[in-house]
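Asks: This structure is in structure tokens; I'll ask about it shortly.
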Amino acid sequence: MTFRMSLTMWNVRFSNEHEDVDVIYDEFSVHELDSMMLQLGYDGNRKMYYHFKKPDSDLDVGLMALGSDGDVCKLTSYVPKHRLLEVYIELDKTTMMVPLIIPEYDHEVLVLQSRPVEKRLELDWFPNHDFNIGNDFDKTISSEHALPTNVDHSMSQGIDSIHEEPDGEDGFDISEDEDNGSEDDDFYVDEEDVLHDVEVDMNDFYVNTNKDLEWIEPKSNLKDVTDEDNENIEILDNEDFDSISEGEEGIDRIRKSKLRALRKKNKEIEAIGSKGTHFSVGQAFYTSKEVKKAINNYAVERRREISLDKNDKNRVKAVCNGTIPNLSFSTSSDPSKGTTVKGKGVKSMSRSCPWVLYVSKWREEDDWVVKTFNDNHTCLQSRKIKACTATYLSNKIVNQIESNPTIPLKALQEDLERKYEIGVSRMKVFRAKTKAYNQVMGDYKIQYELLRDYVLELQSMNEDTTVKIDVEEEPNLSNMETRVFRRIYVCIGSLKKGFKAGKRDLLGLDGCFMKGPYPGQILTAVGVDPNNGIYPVAYGIVEAENLKSWTWFLSCLGDDLDLQRNSNFTFVSDRQKGVIPAIANLFPCAEHRYCLRHIHENMRVNWKANVFKDLLWKCARAYTVPHFNNAMEEIKSLDKDAYEWLKGIPPQHWARSHFLGRAKCDVLLNNMCESLNNQLVKGRDKPIITALEFIREYLMKRISIVQKEIQKCNGPLTPYGTKLMDANKTEAAKCIVAFNGSQKYQVTGHLCEQFVVDMKERSCTCRRWEVTGMPCKHAIATIWDMGKNNEGDGKPENYTDPVYWLDTWKKMYHFKINPINGRNMWPKSLCPTVLIPPHHHKQIGRPKKKRKKGVNEGVRITDGEDMVKFGKLSRQGKSVKCSKCNTIGHNSRTCKGKPASVVGGSKKDKKIITN
181 MTFRMSLTMW
191 NVRFSNEHED
201 VDVIYDEFSV
211 HELDSMMLQL
221 GYDGNRKMYY
231 HFKKPDSDLD
241 VGLMALGSDG
251 DVCKLTSYVP
261 KHRLLEVYIE
271 LDKTTMMVPL
281 IIPEYDHEVL
291 VLQSRPVEKR
301 LELDWFPNHD
311 FNIGNDFDKT
321 ISSEHALPTN
331 VDHSMSQGID
341 SIHEEPDGED
351 GFDISEDEDN
361 GSEDDDFYVD
371 EEDVLHDVEV
381 DMNDFYVNTN
391 KDLEWIEPKS
401 NLKDVTDEDN
411 ENIEILDNED
421 FDSISEGEEG
431 IDRIRKSKLR
441 ALRKKNKEIE
451 AIGSKGTHFS
461 VGQAFYTSKE
471 VKKAINNYAV
481 ERRREISLDK
491 NDKNRVKAVC
501 NGTIPNLSFS
511 TSSDPSKGTT
521 VKGKGVKSMS
531 RSCPWVLYVS
541 KWREEDDWVV
551 KTFNDNHTCL
561 QSRKIKACTA
571 TYLSNKIVNQ
581 IESNPTIPLK
591 ALQEDLERKY
601 EIGVSRMKVF
611 RAKTKAYNQV
621 MGDYKIQYEL
631 LRDYVLELQS
641 MNEDTTVKID
651 VEEEPNLSNM
661 ETRVFRRIYV
671 CIGSLKKGFK
681 AGKRDLLGLD
691 GCFMKGPYPG
701 QILTAVGVDP
711 NNGIYPVAYG
721 IVEAENLKSW
731 TWFLSCLGDD
741 LDLQRNSNFT
751 FVSDRQKGVI
761 PAIANLFPCA
771 EHRYCLRHIH
781 ENMRVNWKAN
791 VFKDLLWKCA
801 RAYTVPHFNN
811 AMEEIKSLDK
821 DAYEWLKGIP
831 PQHWARSHFL
841 GRAKCDVLLN
851 NMCESLNNQL
861 VKGRDKPIIT
871 ALEFIREYLM
881 KRISIVQKEI
891 QKCNGPLTPY
901 GTKLMDANKT
911 EAAKCIVAFN
921 GSQKYQVTGH
931 LCEQFVVDMK
941 ERSCTCRRWE
951 VTGMPCKHAI
961 ATIWDMGKNN
971 EGDGKPENYT
981 DPVYWLDTWK
991 KMYHFKINPI
1001 NGRNMWPKSL
1011 CPTVLIPPHH
1021 HKQIGRPKKK
1031 RKKGVNEGVR
1041 ITDGEDMVKF
1051 GKLSRQGKSV
1061 KCSKCNTIGH
1071 NSRTCKGKPA
1081 SVVGGSKKDK
1091 KIITN
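Written out as structure tokens, the structure is:
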């Protein structure tokens, strides 16, 4: 038997007609194949041998053993270039001595014998397991999984060869610089600020908004089934029914009846003959466009030089201009008699191919009918066909681009040349792929014209949804037809209601670049759910990150969330351009936190040592002002300039000791926005509607996935809240509680640290309970002591803020995002003006897709073993300083400048002067 495995860099997937199994790529081994066979119904009593076929060879020479870790490494080496690998299984015996697998089986299976290779070590496979095999499995193995005895090796070799090399040349492939999350996001990992988010699969995302898209019918995999017993049964064809009106004259009725019979006969002949485009006398077409399309198909399929001799509103005449060989031996050089090559005539100037097609339309009818057709060719077939244009090829590959938009140009070019047996240039394939990609993903410019229609559809399917579009001011009042797009803001009604149900007044603000031909940035506002996961609330596309765009975005957000100037809200940002004054002007009473990661990035410019990073985090993590001041004094004793620089940033923006505690969240990083930006990487290079739909569909799927996770949970708190509570309970067991007789308790903990818990105010002087909303270890110890004295139920969960409750989590994700209809179902906007794209000057060269990293942003080192060589510390990453010119970056041997002169008397007082 055989099955195919589709491999990517992270997952291994095998499939047959019955089962699908996913395997982690990093853990893939021969035993994973054993598990696959178990799922197919094998039990463990019959020997089995694994082989895999090299993608660039056939079965005669390309079948390789698959039975050891070395064989698995060979198999996985083909993963980067090939998505589909074939694995073959032999039962009982093999010419390749490889590890085996088992089941006891009575049916014969056709197998392929392979060439002998070196002997492999035999492995045992679940010898003690008991498995049951059903009768259905026996039938399946004997019939459906048997290998065919006749294999077209050239076909299999050709199909696999199109994936040999990814296209690596700049300027051609429109999707070769595909980003991944590790290269594009600013996500920072910290043990106390880890976000718990779910995986959302967006690989099957597809949307098309083209107004005049031509439908390309996908090829059917169903074969025509014929039954000799039903040949004489007349079947009514509802798709091709031609009626004759009663008012027609007798001659016309007879003529139409004969034409209908002739066309039916021609269809039967075409069905028996070869596949492709066929012409026949009497064949009818609806329009001349359909006629010319059929002629182009015929020219490409037959590899003939067909051209239009006549083309007007009533007739189309096509002739063949192919090269006619003259095989008569001649040495004449007369042009009228044809040219000669080595004594053989190659082309005759006075002869032409007799093939001709004439289609015209009668005045009294609308159909175009084939009047004359001569299917006789005397010319040679050609590999250079004029009808094979980029537009023609784009219509042929649109389904292929839809399923695999990142297919390399070289693979696509080889596939087209092998399929049509004609020559196709690389640039023509690029233009065809670009047109097909635009059909699949939508045209960048056209989507701005359809943006208002999309907004109406989104609002009609999702009630209480806010969408605002801002356009550029028009200086010329006489121009009332178009408006230049500037910004769009989207807040879906269900997200708005869900955020309010979450009861946590905290939002992260961030922006990321659009990667298409038009400039812009995606602004996002993301909250934190009760399980410490992200909860996007609003998003928008603006011209740039500046004061005006952030002010407009935040004013729209404030209207949706009912925020006033005196609202006690909390924002977290990366201190982008314009966001700080925008928040200060719109919400002066709001708490604005700065992402600590970006503060450290600025600090690293002058203080690169890790000790400064550790002390910075120590200051930020301190919950009380005395602890914060002690950490700041440590920085001051180490470097006074670093202390003064950090003191210039108000601590209420980045230190927990100065947080007000209104948000019931102690986050120090803006990871919620960075996590969302990482998920939106694949949608940021799409046209505007496609990008907005990518975000909406991601949010819709994410809510559904989180809803499934919620259904698995039990208990009063969310899984993240339960984890925090259990950790605090462990520490609370080490505390000693002393009661003062009223509502206050003295709690002594580790290293004789002593704090006061006020149960009336539900606060502790360590401030953890106040800032996070989760009872700290001192509060839990107090609650337990109260329970022992019958002053409460002794359950710390009842003193937890509602932002950690499981019921709050359920209410937050109770509101769902509704799907929307396709382009043809959208309502038409009544706005008299048409939106056009923003003005943009296209830069020279290929646009970059990867994020530009900071000056001091380097590669993160996860393992320091490469720094030690032969027992000595390597100088890797250390800057070299020249001893001649005192310049960093080269040594004295490679110095090209003039040596520095030394002045001064003693060695101690030397002064270096550079020329």
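Once you know that position 710 of the sequence shown is 890 in the working numbering, the rest is easy, because the numbers rise by one and skip nothing. Yeah, the Cβ is synthetic: ideal placement off N, Cα and C, and Gly gets one too.
Indicate the three-state DSSP secondary structure (helix, strand or coil) for E643 in the structure shown.
Replies: Here residue 643 refers to the residue found at position 463 of the sequence shown. Three-state DSSP puts E643 in coil, outside helix and strand.
Asks: With a cut-off of 8 Å on the beta carbons, I'd call W730 and V752 a contact; round off their distance for me.
Replies: Taking the sequence shown and counting its residues from 1, one reaches residue 730 at position 550. Taking the sequence shown and counting its residues from 1, one reaches residue 752 at position 572. Going by Cβ atoms, the distance from W730 to V752 rounds to 14 Å, so no, they are not a contact pair.
Asks: Let me confirm a value: D846 is counted as buried when at least 16 other C-beta atoms fall within 10 Å, else exposed. Which label applies?
Replies: Here residue 846 refers to the residue found at position 666 when the sequence shown is read from its first residue. The residue is buried, with at least 16 neighbouring Cβ atoms inside 10 Å.
Asks: Can you give the Cα-Cα distance for V936 and L703, rounded to whole angstroms?
Replies: Counted from its first residue, the sequence shown places residue 936 at position 756. Counted from its first residue, the sequence shown places residue 703 at position 523. So the two alpha carbons sit approximately 43 Å from each other.
Asks: What are the start and end residues of each continuous alpha helix (DSSP H) run of 4 or more residues lying completely inside the stretch 589-628, in chain order?
Replies: Within the stretch 589-628, the complete alpha helix (DSSP H) runs of at least 4 residues are 589-600 and 606-621.
Asks: Would G688 pass as a contact of C853 if the rule is Cβ separation under 7 Å?
Replies: Residue 688 sits at position 508 when you count from the first residue of the sequence shown. Residue 853 sits at position 673 when you count from the first residue of the sequence shown. Cβ distance < 7 Å, so G688 and C853 count as in contact.
Asks: Measure the Cβ-Cβ separation of V536 and V499 and say whether it is below 7 Å.
Replies: As a first step, residue 536 is located in the sequence shown; it is residue number 356 there, counting from the start. As a first step, residue 499 is located in the sequence shown; it is residue number 319 there, counting from the start. Yes, the pair counts as a contact, with Cβ atoms nearer than the cut-off.
Asks: Look up R666 in the DSSP assignment and say whether it is helix, strand or coil.
Replies: Position 486 of the sequence shown, counting from 1, holds the residue named residue 666. Here R666 sits in strand by DSSP.
Asks: Have a look at N579 and F385 and give me their C-alpha separation to the nearest angstrom.
Replies: Numbered from its first residue, the sequence shown carries residue 579 at position 399. Numbered from its first residue, the sequence shown carries residue 385 at position 205. Their backbone Cα atoms lie some 14 Å apart in a straight line.
Asks: Should A764 be labelled buried (16 or more other beta-carbon atoms within 10 Å of its own) or exposed?
Replies: Here residue 764 is taken as the residue at index 584 of the sequence shown, counted from 1. Exposed, by the Cβ-count rule.
Asks: Taking the straight line between their C-alpha atoms, what separation do you get for V252 and V210?
Replies: Within the sequence shown, residue 252 is the residue found at index 72, counting from 1. Within the sequence shown, residue 210 is the residue found at index 30, counting from 1. So the alpha carbons of these two residues sit roughly 7 Å apart.
Asks: Pull up the distance between the alpha-carbon of H780 and that of N857, whole angstroms please.
Replies: On the sequence shown, position 600 is the one that residue 780 refers to. On the sequence shown, position 677 is the one that residue 857 refers to. Answer to the nearest angstrom: the Cα atoms are 21 Å apart.
Asks: Anyone know if the C-beta pair for T503 and Y478 falls short of 7 Å?
Replies: On the sequence shown, position 323 is the one that residue 503 refers to. On the sequence shown, position 298 is the one that residue 478 refers to. For T503 and Y478, no; Cβs fall outside 7 Å.
Asks: Buried or exposed for Q219, please, with buried defined as at least 16 other CB atoms from any protein chain shown within 10 angstroms of its CB.
Replies: The sequence position of residue 219 within the sequence shown is 39, counting from 1. By the 10 Å Cβ count, Q219 comes out exposed.
Asks: Can you give the Cα-Cα distance for A245 and V267, rounded to whole angstroms?
Replies: Within the sequence shown, numbered from 1, the residue matching residue 245 stands at position 65. Within the sequence shown, numbered from 1, the residue matching residue 267 stands at position 87. So the two alpha carbons sit approximately 10 Å from each other.
Asks: What are the start and end residues of the beta strand (DSSP E) that includes S540?
Replies: Here the question's residue 540 lines up with position 360 in the sequence shown. First-last of the beta strand (DSSP E) with S540: V536 to K541.
Asks: Looking at R495 and S540, is the spacing between their C-beta atoms short of 7 Å?
Replies: Taking the first residue of the sequence shown as 1, we reach residue 540 at position 360. Taking the first residue of the sequence shown as 1, we reach residue 495 at position 315. Yes, these two residues count as a Cβ contact at 7 Å.
Asks: According to DSSP, simplified to helix, strand and coil, what is W949?
Replies: For this step, residue 949 is matched to residue 769 along the sequence shown. The answer is helix: DSSP assigns W949 an H, G or I state.
Asks: Quick test of the definition: if touching needs 3 or more C-beta pairs under 8 Å, does the stretch 691-701 touch the stretch 738-750?
Replies: The stretch 691-701 vs the stretch 738-750: no contact.
Asks: Between V378 and K1052, what straight-line distance do the alpha-carbon atoms span, to the nearest angstrom?
Replies: On the sequence shown, position 198 is the one that residue 378 refers to. On the sequence shown, position 872 is the one that residue 1052 refers to. Computed Cα separation, rounded: 44 Å.
Asks: Going by Cα to Cα distance, which pick from V664, G901, G738 and M939 is closest to V917?
Replies: By 1-based counting over the sequence shown, the position of residue 917 is 737. Checked all of V664, G901, G738 and M939; the closest Cα to V917 is M939.
Asks: Tell me which same chain residues have a C-beta within less than 6 Å of the C-beta of L826, skipping the five on either side of it?
Replies: Numbered from 1 along the sequence shown, position 646 holds the residue referred to as residue 826. Answer for L826: no residue qualifies.
Asks: Could you give the residue range of the alpha helix (DSSP H) that holds G720?
Replies: Working through the sequence shown from its first residue, we reach residue 720 at position 540. Counting along the chain, G720 falls outside any alpha helix (DSSP H), though it belongs to the beta strand (DSSP E) covering I714 to V722.
Asks: Ends of the beta strand (DSSP E) at T750?
Replies: On the sequence shown, position 570 is the one that residue 750 refers to. Start and end: T750 to S753.
Asks: Specify the secondary structure class of Q701 as computed by DSSP and reduced to three states.
Replies: Translated into the one-based positions of the sequence shown, residue 701 becomes position 521. Strand.
Asks: For S532 and E485, what's the separation of their Cα atoms in angstroms?
Replies: For the purposes of this step, residue 532 is taken as residue 352 along the sequence shown, with counting starting at 1. For the purposes of this step, residue 485 is taken as residue 305 along the sequence shown, with counting starting at 1. Going by the C-alpha atoms only, they are around 12 Å apart.
Asks: In this structure, how does DSSP classify Q926 when only helix, strand and coil are distinguished?
Replies: What you label residue 926 is simply residue 746 of the sequence shown in a count that begins at 1. Strand.
Asks: Specify, as a first and last residue, the run of the alpha helix (DSSP H) that R836 falls within.
Replies: Taking the first residue of the sequence shown as 1, we reach residue 836 at position 656. Where R836 is concerned, there is no enclosing alpha helix (DSSP H), given that its DSSP letter is neither H nor E.
Asks: Return the Cβ separation of A802 and A843 in integer angstroms, given the expectation that the two are a contact with Cβ distance under 8 Å.
Replies: Residue numbering aside, residue 802 sits at position 622 when the sequence shown is read from its first letter. Residue numbering aside, residue 843 sits at position 663 when the sequence shown is read from its first letter. Wrong, their Cβ atoms sit about 18 Å apart, outside the cutoff.
Asks: Contact criterion: CB-CB distance below 7 Å. Does E270 meet it with respect to chain C?
Replies: Going by chain labels, chain C is absent from the structure shown, which holds only one protein chain.
Asks: Taking a contact to mean a Cβ-Cβ separation below 7 Å, would you say P1007 touches Y628 in this structure?
Replies: Against the sequence shown, residue 1007 aligns to sequence position 827. Against the sequence shown, residue 628 aligns to sequence position 448. Not a contact, by the Cβ cut-off of 7 Å.
Asks: Where does W787 fall in DSSP's three states?
Replies: In the sequence shown, residue 787 corresponds to position 607, counting from 1. Correct three-state label for W787: coil.
Asks: What's the call for Y466, buried or exposed, on a 16-neighbour Cβ count within 10 Å?
Replies: On the sequence shown, position 286 is the one that residue 466 refers to. Classification of Y466: exposed, given that the 10 Å Cβ count is below 16.
Asks: Going straight from the alpha carbon of T890 to that of N656, what length do you get?
Replies: The sequence position of residue 890 within the sequence shown is 710, counting from 1. The sequence position of residue 656 within the sequence shown is 476, counting from 1. Residue identity differs from the one stated: residue 890 is Ile in this sequence, not Thr. When rounded, the distance between both Cα atoms is 56 Å.
Asks: Throw me the rounded Cβ distance for the L589 and L573 pair, which I believe falls under 8 Å.
Replies: Here residue 589 refers to the residue found at position 409 of the sequence shown. Here residue 573 refers to the residue found at position 393 of the sequence shown. That pair is no contact at about 12 Å.
Asks: If you check the beta carbons only, do F839 and V951 fall under 7 Å apart?
Replies: In the sequence shown, residue 839 corresponds to position 659, counting from 1. In the sequence shown, residue 951 corresponds to position 771, counting from 1. Result yes, Cβ atoms of F839 and V951 sit closer than 7 Å.
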